[in-house]
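In our numbering, the protein residues as written are 79 to 571. Every residue, glycine too, gets a C-beta built ideally from N, C-alpha and C. What follows is a set of notes on a single structure, which appears directly below.
Pasting the structure below:
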């Protein structure tokens with residue numbers, strides 16, 4: 079069976095160097111040149127992407143751009159040190175990454191190879207849903223600004239066409255994921271640097287940091303409202319992909335050449351989430367890690383070794399460095415506030431704020447419970463991503479919710495059905511359990527604290543799901559091909 083990943087990572091180091099150079103050069107152009115030069119540079123990048131054969135590098139680059147990796151630049155318009163944006167008409171402005179998705183779609187149509195996704199049926203129904211709520215929005219009332227906003231979001235969904243059309247080989251998909259892995263260490267470095275210096279790594283490029291506060295004494299950190307020690311610039315897609323796909327490849331391959339690296343990626347993502355103090359991320363990652371260790375990865379020597387080393391380092395930092403101790407104490411206190419949701423008296427301001435937000439979203443949902451408020455202007459009066467599934471109901475209503483129930487069921491069915499078809503010697507069999515866990519844990523977050531599914535969600539989450547769906551689609555097809563080879567070899571023997 080083909081479970082040695084090494085041949086598919088040939089040229090990986092060179093690709094990683096090219097990606098790092100591309101990111102570094104972009105950071106320098108944004109921060110040290112005029113905005114006109116900034117715009118010209120990123121237009122040149124679009125041309126280079128269009129003629130490039132290494133599409134996997136470019137898709138990872140755009141993911142890093144979307145998520146402001148390390149806080150090295152801003153993506154908000156209006157700042158001369160932000161990512162390039164272009165005014166195409168009065169009141170109509172597009173970012174570089176939005177033009178990139180358009181260019182990728184055009185390149186896929188002209189140069190790509192047509193692919194049919196396994197998940198095409200639920201995706202087709204979601205497209206029908208988009209058309210329905212778009213027509214509904216016209217009836218409720220929608221402005222030009224609303225149309226432009228949602229058009230920008232829908233451009234990200236075109237990755238469902240451009241990525242599979244342009245990534246043609248197994249090594250393309252493996253490198254796509256492996257190129258993301260090293261950047262979990264950039265995020266971790268940014269967090270630790272923030273923790274110990276009160277500056278983000280972006281400060282090296284003279285970028286202002288929300289943590290740039292002069293604090294002379296640890297007691298000042300404890301002063302109410304003075305300084306909340308939480309690491310900034312956390313890239314959710316990089317964290318989630320690093321956490322789940324590192325386990326996926328640990329299980330999928332027998333070769334030990336890259337396994338140490340994968341374990342480092344896995345535990346780095348755990349530390350990043352802990353320092354982030356982001357409740358929904360902690361819920362997704364730590365719930366999944368416990369289930370994974372107990373039932374999927376099971377107790378292995380490498381896990382015990384890395385866990386012991388990580389715990390030892392963690393304990394040393396906790397008792398030696400006061401800021402690290404403060405950060406962990408605050409993270410734990412913040413995470414434990416979720417228990418107040420089940421209590422009569424809610425005292426924590428953030429929890430109380432969440433409850434208020436949910437009530438506001440539900441007030442809007444009650445006005446149009448069947449089909450929701452769609453893309454209309456009324457949707458923006460009530461929407462709140464922190465309301466999770468309630469916010470999705472606000473936009474798509476009960477009918478749209480049923481579309482997504484089918485979407486979830488279809489993903490579970492395909493992954494589980496594929497696992498059943500695979501023999502025990504097919505290493506993909508256990509690896510697919512991690513993908514199943516990915517969907518379950520994100521659904522838990524979606525129904526509790528953070529909207530992870532829907533149409534108008536964060537751009538970075540849309541792209542996360544695009545990468546997940548196209549990658550899983552490829553690995554399922556590859557697993558079934560390998561199973562055919564196994565069965566043919568068995569018949570011959």
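Inclusion of residue 143 and residue 102 in the CB contact set at 7 Å is not warranted, their separation being larger than that value. As for any alpha helix (DSSP H) of minimum length 4 sitting wholly inside the segment 479-516, there is none. The count of Cβ pairs closer than 8 Å, one atom from the segment 270-278 and one from the segment 320-334, stays below three, leaving the stretches out of contact.
Distance from the CA of residue 549 to the CA of residue 251, rounded to the nearest whole angstrom, comes to 7 Å. The beta-carbon separation of residue 83 and residue 327, rounded to 7 Å, stays under the 8 Å limit for a contact.
7 Å or more divides the Cβ of residue 319 from the Cβ of residue 554. Under the 8 Å Cβ criterion, the segment 198-218 counts as touching the segment 450-459, having at least three qualifying pairs. For residue 134, the uninterrupted alpha helix (DSSP H) segment begins and ends at 133-144. In the DSSP annotation of this structure, the continuous segment of the beta strand (DSSP E) that includes residue 167 starts and ends at 163-167. Bounds of the beta strand (DSSP E) holding residue 172 are 170-173. With a cutoff of 7 Å on beta-carbon distance, residue 440 and residue 468 are scored as near each other. Between residue 135 and residue 186, the C-beta spacing is not below 7 Å.
Proximity of the segment 123-134 to the segment 514-525 falls short of the contact definition, fewer than three beta-carbon pairs being nearer than 8 Å. When only Cα atoms are considered, residue 120 and residue 162 end up about 7 Å apart. Going by beta carbons, residue 453 and residue 223 fall outside the 7 Å limit. Only residues of its own chain outside the window of five on either side were considered, and among them 231, 234, 235 have a CB closer than 7 Å to the CB of residue 540, listed in chain order.
Using a C-beta cut-off of 8 Å, the segment 497-514 makes no contact with the segment 333-343, since fewer than three inter-stretch Cβ pairs fall below that distance.
Residue nearest to residue 451 within the set 220, 529, 565 is 220 (criterion: CA-CA distance). Between residue 244 and residue 133 the beta-carbon gap is near 4 Å, inside 8 Å, which marks them as a contact. Counting along the chain, the unbroken alpha helix (DSSP H) around residue 346 starts and ends at 337-354. In summary, residue 341 is buried, with 16 or more beta-carbon neighbours lying within 10 Å of its beta-carbon over all protein chains present.
Annotation for residue 492: 196, 197, 554 place their beta carbon closer than 8 Å to its own, counting only its chain and skipping 5 residues before and after. In this chain, the alpha helix (DSSP H) harbouring residue 107 covers 90-110.
Straight-line measurement puts the Cα of residue 165 at about 31 Å from the Cα of residue 464. DSSP, read as helix, strand or coil, puts residue 191 in coil.
Here residue 257 has 90, 93, 94, 97, 134, 135, 138 as same chain residues with Cβ atoms under 8 Å from its own Cβ, once five neighbours each way along the sequence are excluded. Note that the C-beta distance between residue 490 and residue 207 is not below 7 Å. Here DSSP, grouped into helix, strand and coil, assigns residue 239 to helix.
Counting C-beta atoms within 10 angstroms of its own C-beta, residue 110 has fewer than 16 neighbours from the protein chains shown and is therefore classed as exposed. Residue 566 counts as exposed, since fewer than 16 other C-beta atoms from the protein chains shown sit within 10 angstroms of its C-beta. In the three-state reduction of the DSSP assignment, residue 451 falls in the coil class, being assigned neither a helical nor a strand state. Per the C-alpha coordinates, the member of 201, 209, 228, 351 positioned closest to residue 267 is 351.
For the set 140, 193, 170, 343, the Cα lying nearest the Cα of residue 178 is the one of 140.
Residue nearest to residue 345 within the set 246, 317, 237, 100 is 317 (criterion: CA-CA distance).
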